[in-house]
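Colleague:
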Amino acid sequence: MSVSEDRTVQPTTAAPATGIADPAPLGLAAFAATTFLLSAANAGWMTKATGDAWLGYAFAYGGFVQLLAGMWEFRNRNVFGATAFGTYGGFWIGLGLWALLVAPKAPSPAAANHDIAWILLTFAIINTYLLILSTQVNMAVFLVFLTLEITEIILFIGNFGGSTGTVKFGGYVGLVTAIVAFYASAAGISAGVAGRLRFPVGRPLIS
């Protein structure tokens, strides 16, 4: 038997799998749930609650869990998902810290509103290029960033102008954003389960 022939009969070992489960459904669920809670408060739905139900989840779910999803997206070499989840995980943690550490020391409600407006304007800028690039992902993800962009714009206008009506309207649009994100999360889970039940996500606008 020649050397070349001998090599053909050597046992081969398959390379270990390096991938992980898709973290996007978890990140979307974390984003959706926290957005839903804050938007319900902005929309005036929590009349018999403190209105701060979102705060703990800004740290635990929308913040920490979404940030973890972003880091796992880095592991999956998904730069869009890593940036999006990492950004909004940081957004929720930062907003929670602002509410606990800065807002109580604000000299006036108007000053606190302007703080929120500047924060939302900053993230609307980031969200603008995420929205543009989401056209290459799928329709469900694009709609998440589209509704989020509209929400942020309405809210920073309302907070800059001190208009409670505009902020309330932004709360309703935020609820739509949360519902779209819930759906995108469910669609991602249905793809991961690989069963018969699949929720369509639509084709990307740009492919």
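Its first residue numbered 707, the sequence shown is counted upward by one per residue in this note's numbering.
Every residue, glycine too, gets a C-beta built ideally from N, C-alpha and C.
For clarity, every value in this text was computed on a predicted model and none was experimentally measured.
1) Given that a residue counts as buried once 16 or more other Cβ atoms are within 10 Å of its Cβ, and exposed if not, what is THR920?
2) When DSSP labels each residue in this structure, what does LYS754 get in the three-state scheme?
3) Could you check the C-alpha separation between THR740 and GLY762 for me, to the nearest Å?
4) Go ahead and pull the three-state DSSP assignment for PRO733.
5) Let me know the alpha helix (DSSP H) ranges lying completely inside the region 768-841, each 4 residues or longer, listed in chain order.
6) Within 10 angstroms of the Cβ of PRO810, are there 16 or more other Cβ atoms? Answer buried if so, exposed if not.
7) For VAL847, does the three-state DSSP call read helix, strand or coil?
8) Along the chain, where does the alpha helix (DSSP H) containing ASN905 start, and where does it finish?
9) Expressed to the nearest angstrom, what Euclidean distance is found between the alpha-carbon atoms of PHE862 and ARG902?
10) So what's ALA749 in DSSP terms, helix, strand or just coil?
Modeller: Let me spell this out:
1) What the structure shows of the chain is the stretch from 707 to 913, and residue 920 is not part of that stretch, so it cannot be assessed.
2) Note: LYS754 maps to coil in three-state DSSP.
3) Distance between the alpha carbons of THR740 and GLY762 is about 9 Å.
4) Here the sequence assigns Gly to residue 733, which means Pro is not the residue at that position. DSSP places GLY733 in helix when its eight states are reduced to three.
5) Inside the region 768-841, DSSP marks whole alpha helix (DSSP H) runs of 4 or more residues at positions 772-781, 785-803 and 815-840, from first to last along the chain.
6) By the Cβ-count criterion, PRO810 is exposed, with fewer than 16 other Cβ atoms from all chains shown falling within 10 Å of its own Cβ.
7) DSSP places VAL847 in helix when its eight states are reduced to three.
8) Per the sequence shown, residue 905 should be read as Phe rather than Asn. Element bounds for PHE905: n/a, residue is neither H nor E.
9) Within the model, the alpha-carbon separation for PHE862 versus ARG902 is close to 42 Å.
10) Residue state, collapsed to three classes: coil.
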